[in-house]
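In what follows, a single structure is set out as C-alpha cells and then discussed.
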Amino acid sequence: MSMSQISTHSDVAPTTPPGEDRLVIGTHELSSRLILGTGRYRSFAEMQAAHQAAETDCVTVAVRREKLHDSRGNNILDFLDLERLTLLPNTAGCYEATAAVRAALMGREILSDLGNPGANWVKLEVLGDSRTLLPDPVETLRATAALVDDGFEVLCYTSDDPVMALKLKQAGAVAVMPGGSPIGSGQGIANPLNLQIILEQLKGDDAAYPVIVDAGLGVPSDVVIALEMGADAVLLNTAVARAQDPLRMAQAMKLAARSGRLARLAGRMGKSRYGSASSPEFGMIAEKPGDSTL
7 MSMSQISTHS DVAPTTPPGE DRLVIGTHEL SSRLILGTGR YRSFAEMQAA HQAAETDCVT
67 VAVRREKLHD SRGNNILDFL DLERLTLLPN TAGCYEATAA VRAALMGREI LSDLGNPGAN
127 WVKLEVLGDS RTLLPDPVET LRATAALVDD GFEVLCYTSD DPVMALKLKQ AGAVAVMPGG
187 SPIGSGQGIA NPLNLQIILE QLKGDDAAYP VIVDAGLGVP SDVVIALEMG ADAVLLNTAV
247 ARAQDPLRMA QAMKLAARSG RLARLAGRMG KSRYGSASSP EFGMIAEKPG DSTL
C-alpha cells in the first residue's frame with residue numbers, strides 16, 4: 007500500500023495555537039515532539055550540539071549500555087543540560103523481562119540522585135534477537151505489567167502489531183511506541199497501514215493517548231508522515247547521529263516535526279479523482295468564437 011492510499015485526514019478542528027500544543031505523557035509535559043537519543047555520535051560535544059540544534063527537551067539514555075565516559079575521560083552527563091532536558095532512561099540491550107526491570111530500577115536510582123524529573127518513567131525495550139532488534143512481545147508485556155505495578159510510567163517500544171499495541175495500553179503503559187521499521191535501519195515507516203490501525207485503536211476512545219513512532223526513521227519526510235498520520239511524537243537517534251552533518255539533520259528533523267504536527271492540526275484537504283480549479287469560474291471574461299490567445 008502506497009502512502010497516497012493512507013488517509014491522514016483529521017476530524018479535530020484546528021483550534022490549538024502551536025505555542026500551546028504541548029505533548030503530555032503521563033505526568034510529563036514536553037514542548038517538543040521530537041525526542042532524541044544519546045548514542046552513536048562521534049563525540050559527546052557533537053551530541054550536545056545536535057540536541058541544541060534540534061531544540062528537543064527530552065533525550066533517552068540507555069542505562070545498561072551507555073558509556074558514561076569516552077576515551078578521553080569525558081563524562082556524558084557533563085554534556086547533557088540537566089536543567090533543561092528531561093532524561094528518559096531506556097532498557098536497550100535487554101532480552102528478558104527481568105533484565106529490563108533491573109535496568110529500569112537502575113535508571114530510576116541514577117536520575118533520582120541527579121534530581122532529574124525523568125526518574126519516574128522509563129522507555130521499555132525488551133528485544134527478541136540481536137539481528138533484527140525487533141521486540142519480544144511476550145517478555146515486553148511481562149515487563150510492562152511488572153514496571154507498572156512498581157509505579158513506573160512506562161513508554162513501551164513495540165512492533166507495528168496492532169493487537170500487541172492495544173495489549174500494552176491495557177497493561178498500563180502511558181505511551182505505546184510502535185517502530186516504523188527495525189532500529190537503526192533508516193527504512194522509514196515500512197507498514198503505514200498497521201500504524202494507522204494502531205492510531206485508530208489506541209486513540210479511539212482517548213484521542214489524547216500518546217502514540218510515539220520509534221525506530222527506523224531516516225529522513226525528515228519520515229517524521230512528517232508519522233505526525234501527519236496522527237502520531238503524537240517521534241523518537242530517533244541514528245538518523246541524526248550518523249548523518250553526514252548531524253547538526254543540519256537535527257535542525258531538519260526539528261522543522262519536520264513542527265511541520266507534520268501543524269499539518270495534522272490543520273486537517274488536510276479532501277482527495278478527489280478529478281481536477282478542481284483553484285480560480286473562481288464565475289465572472290470570467292467571455293471569449294468570442296475564433297478568438298485566440300498568443
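With the working numbering as the guide, the letters of the sequence shown map in order to residues 7 to 300.
Glycine included, every Cβ here is placed at the ideal spot set by N, Cα and C.
Three-state secondary structure (DSSP) of residue i
i           : result
residue 183 : strand
residue 175 : helix
residue 220 : strand
residue 249 : coil
residue 9   : In this prediction, residue 9 scores a pLDDT of 46, lower than 50, which makes its location untrustworthy; the coordinate-derived value is nonetheless stated afterwards. Helix.
residue 68  : strand
residue 41  : strand
residue 225 : coil
residue 86  : coil
residue 159 : strand
residue 92  : strand
residue 1   : Missing from the structure shown is residue 1; the chain here goes from 7 to 300 and no further.
residue 275 : coil
residue 200 : helix
residue 123 : helix
residue 193 : coil
residue 52  : helix
residue 232 : helix
Distance CB(residue i)-CB(residue j) smaller than 7 Å
i           : j           : result
residue 39  : residue 179 : no
residue 244 : residue 194 : no
residue 159 : residue 273 : no
residue 257 : residue 105 : no
residue 225 : residue 265 : no
residue 125 : residue 114 : yes
For residue i, the nearest candidate out of the options (CA to CA)
i           : options            : result
residue 83  : 49, 167, 252       : 49
residue 205 : 65, 188, 181       : 181
residue 85  : 203, 59, 55, 271   : 55
residue 213 : 237, 247, 160, 241 : 237
residue 107 : 251, 229, 129      : 129
residue 101 : 110, 154, 226, 131 : 131
residue 156 : 177, 280, 235      : 177
residue 28  : 275, 136, 267, 149 : 267
residue 150 : 135, 173, 168      : 173
residue 110 : 153, 80, 233       : 153
residue 228 : 215, 251, 201      : 201
Sheet register partners of residue i (DSSP bridge)
i           : result
residue 239 : 218
residue 141 : 133
residue 34  : 31
residue 128 : 160
Other residues of its chain near residue i: CB distance less than 8 Å, five sequence neighbours each side excluded
i           : result
residue 185 : 140, 141, 163, 164, 165, 166, 219, 220, 221, 222
residue 279 : none
Same chain only: Cβ atoms within 6 Å of residue i, ignoring 5 sequence neighbours per side
i           : result
residue 67  : 44, 93, 95
residue 170 : 143, 164
Cβ-based neighbour list, residue i, same chain, cut-off 7 Å, excluding 5 preceding and 5 following
i           : result
residue 61  : 38, 260
residue 13  : The predicted model places residue 13 with a pLDDT of 44, which falls under 50 and marks its position as unreliable, so this point remains unresolved.
residue 138 : 188
residue 249 : 255
residue 234 : 14, 266, 269, 270
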